[in-house]
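Novice:
Protein chains: 2
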Amino acid sequence: MEFTSERRLDDDVLERGFTLGGIPGLLWTPTTASAPCPLVLLGHPGGLQRMYPRLLGRARHAVSGGFAAATIELPGGGDRPRMTAVDEARADLQRVLAAGERVDDGIVDRLVLPLVDAAVPEWRAALDALLALPGIGGPVGFSGGVIAIAVRLAVVEPRIAAALLFAGSYVPRAVLEEARRVTIPLLVLLQWDDTGNDRQMALDLFDAFGSEEKTLHANTGGHTGVPGFEGDDGDRFFARHLR
Amino acid sequence: MEFTSERRLDDDVLERGFTLGGIPGLLWTPTTASAPCPLVLLGHPGGLQRMYPRLLGRARHAVSGGFAAATIELPGGGDRPRMTAVDEARADLQRVLAAGERVDDGIVDRLVLPLVDAAVPEWRAALDALLALPGIGGPVGFSGGVIAIAVRLAVVEPRIAAALLFAGSYVPRAVLEEARRVTIPLLVLLQWDDTGNDRQMALDLFDAFGSEEKTLHANTGGHTGVPGFEGDDGDRFFARHLR
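Here it is, written out as structure tokens:
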């Protein structure tokens, strides 16, 4: 892991850019912490620069709650090499949605599964590097992003102790099965009127999770309309489980 | 409204029993408030004495948030005259559930609609009396209890500014239609594994509400297993809308 930039955003937050095996990432840490912080990994749909303002808002929430926050670019996202087959599947999905047709499982599988397979080892490698830094301890939370990536991470990565999932993207049927093996505490956000998502599938996914503590927060509004108070609820969820 | 008892529970909470037209009720107020408090009405399934420990817990939450809290006995509940037809419908429902049969609309209508028709005018009369007391102002929130009563109150009672609903009882189809006319902010609690409830109907009801701000909190566990952190979430919901 090499740091490529460093700036103090205000008195309390230090933002550092880094690369890890050619993958760009961002790390936000409190400047005032006296002990190693728990870490919250910030998921996103790909495109760190485009997502930066929202990631920064979420990072500030995490840091003000006493956590470090970090994220890395997704495979095929931002300036990273495209994943052509995934791009084709995404274009197919958009055509189907625009035509008001039923989204078939094949498209969702082609869109999501290769991304999960490629991304999960990268996030685990990032976790190795981040947890080796002074000032960052455990436990680790995962927050938002492509829900299928979060589900796989929750199954395979024992260092992740709690996850705040955003049920805002299509989920392959195989991920429903994977969800039964998730046992960590979950807070699942669902935008009730998200036209680019399958509400019933999101509810089926929530039902499938094996976790003893799982909470669904569904709110009115579309994909990007998550109410501000959910940020506070997310802080409290992580405070309960990462402290 | 006549007060029948008064005791100071601790330094901060005054509990008073009252009757209003023969209906018993309880009122909890902060002892230290300097200005009139917003009021939270505490719904329940009937049987004030049986429900007292849980009502008191919820009242303490409300008072610690700076609100007054009050409740009245339901028609047919506690020592009030039985509602024979409602009791029969309840027994029918329990038989059907025990036999694992489908709950038909007729039973639910017979169980819930007469209760709603009888209870709602009583809660409105209680509101008249409570808001006339020194130390209690508006706005008013409604919390929990029989969800069909809360829905009707939210439609007909303009003094209710926000409602925390517990989707923990069967809902007549007619109430789904009524729900479309609800426009106040809502927080709806659903226990995902409540075997004495119809989860799909609860989700349909959430979908039907006309409110621009509505949030569903679904948690694992049965009817009485609402996690403690939902009490805090409820406080914050009312703090957002009643202050």
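Here the protein sequences line up with chains F and L, keeping their order. Numbering follows this note's numbering, with no gaps: position 69 of the first sequence is 69. If you count the second sequence from 1, you need to add 243 to reach this note's numbering. Cβ coordinates follow ideal geometry from the N, Cα and C atoms, glycine included. This one's a predicted model, so the numbers in the text were calculated from it and none came from an experiment.
So, do the segment 227–242 of chain F and the segment 200–212 of chain F have three or more beta carbon pairs nearer to each other than 8 angstroms?
Specialist: Verdict: no, contact absent.
Novice: Comparing alpha-carbon positions, which option in F/G65, F/T71 and F/G221 lies nearest L/E455?
Specialist: Looking at the Cα atoms, F/G221 is the closest of the given residues.
Novice: Taking CB distances under 8 angstroms as the criterion, tell me whether F/N219 reaches chain L.
Specialist: Yes - at least one Cβ of chain L is within 8 angstroms of the one on F/N219.
Novice: Which class does L/W366 belong to by DSSP, given the choice of helix, strand or coil?
Specialist: Residue state, collapsed to three classes: helix.
Novice: Residues of the segment 165–180 of chain F with a CB closer than 9 angstroms to any CB of chain L: list them in chain order, please.
Specialist: Within the segment 165–180 of chain F, no residue has a Cβ that lies closer than 9 angstroms to any Cβ of chain L.
Novice: Would you list the residues sitting across from F/V40 in a DSSP beta bridge?
Specialist: F/A69 and F/G141.
Novice: Helix, strand or coil, according to DSSP, for F/F3 in the structure here?
Specialist: If DSSP states are grouped into helix, strand and coil, F/F3 belongs with the strands.
Novice: Mind checking L/Q434: buried by the 16 CB within 10 Å criterion, or exposed?
Specialist: When all chains shown are included, L/Q434 counts as buried.
Novice: Give a yes or no on whether 8 angstroms exceeds the smallest Cβ distance from L/R486 to chain F.
Specialist: It does not: the Cβ of L/R486 has no partner Cβ on chain F nearer than 8 angstroms.
Novice: Per DSSP, what kind of secondary structure is L/E400 in: helix, strand or coil?
Specialist: In the structure shown, L/E400 sits in coil (DSSP, three-state: anything other than H, G, I, E or B).
Novice: Taking 8 angstroms as the cut-off, decide whether the C-beta atoms of L/P273 and L/D255 are in contact.
Specialist: Yes, Cβ-Cβ distance for L/P273 and L/D255 is below 8 angstroms.
Novice: Using 10 angstroms around the beta-carbon of F/D235, count the other beta-carbons present and answer buried if the total reaches 16, otherwise exposed.
Specialist: Buried is the call here.
Novice: Of all the options F/E230, F/A125 and F/A174, which has the alpha carbon lying nearest to the alpha carbon of F/G21?
Specialist: Nearest of F/E230, F/A125 and F/A174 to F/G21, Cα basis: F/A125.
Novice: In whole angstroms, give me the CA-to-CA distance for F/V108 and F/G77.
Specialist: So the alpha carbons of these two residues sit roughly 18 angstroms apart.
Novice: Whole-angstrom Cβ separation of L/G286 and L/V389, contact assumed at under 8 angstroms?
Specialist: Correct: roughly 6 angstroms between the Cβ atoms.
Novice: Please work out which residues of its chain come closer than 6 angstroms, Cβ to Cβ, to L/L430, disregarding the five sequence neighbours upstream and downstream, and give them in chain order.
Specialist: L407, T458 and F480.
Novice: Whose CA, out of F/G231, F/L111, F/S5 and F/T84, lies closest to the CA of F/Q94?
Specialist: When only C-alpha atoms are compared, the closest one is F/L111.
Novice: What residues in its chain sit with their C-beta under 6 angstroms from that of F/S5, if we drop five residues either side in the sequence?
Specialist: Contacts found: G17.
Novice: According to DSSP, simplified to helix, strand and coil, what is F/R236?
Specialist: If DSSP states are grouped into helix, strand and coil, F/R236 belongs with the helices.
Novice: Does any residue of chain L have a CB that is nearer than 8 angstroms to the CB of F/F229?
Specialist: It does: the Cβ of F/F229 has a partner Cβ on chain L nearer than 8 angstroms.
Novice: Where does F/F142 land, buried or exposed, given buried means 16+ other C-beta within 10 angstroms?
Specialist: Label assigned to F/F142: buried.
Novice: When DSSP labels each residue in this structure, what does L/R442 get in the three-state scheme?
Specialist: Looking at L/R442 - three-state DSSP - the assignment turns out to be helix.
Novice: With DSSP as the reference, label F/A162 as helix, strand or coil.
Specialist: Strand at F/A162.
Novice: Are the C-beta of F/D204 and some C-beta of chain L separated by less than 8 angstroms?
Specialist: No, F/D204 lies away from the interface with chain L (no Cβ there is under 8 angstroms from its Cβ).
Novice: Grab me the residues of F/F3's own chain with a C-beta within less than 6 angstroms of its C-beta, minus the 5 sequence neighbours each way, in chain order.
Specialist: These residues qualify, in order along the chain: R16 and F18.
Novice: Among F/R180, F/V140, F/P121 and F/Y170, which residue has its Cα nearest to the Cα of F/A89?
Specialist: Nearest option by C-alpha distance: F/Y170.
Novice: Looking only at DSSP bridge pairs, what is F/A218 linked to?
Specialist: According to DSSP, which records beta bridges pairwise, F/A218 is partnered with F/L190 and L/L459.
Novice: Whole angstroms is fine: what's the gap from F/D79's alpha carbon to L/R402's?
Specialist: Near 55 angstroms, if we compare the C-alpha coordinates of L/R402 and F/D79.
Novice: Closer than 8 angstroms, CB to CB, is F/D233 near chain L or not?
Specialist: Yes, its Cβ sits closer than 8 angstroms to a Cβ of chain L.
Novice: Taking the Cβ atom as the reference point for each residue, do L/H460 and F/H217 lie within a distance shorter than 8 angstroms?
Specialist: In contact: L/H460 and F/H217 (Cβ atoms closer than 8 angstroms).
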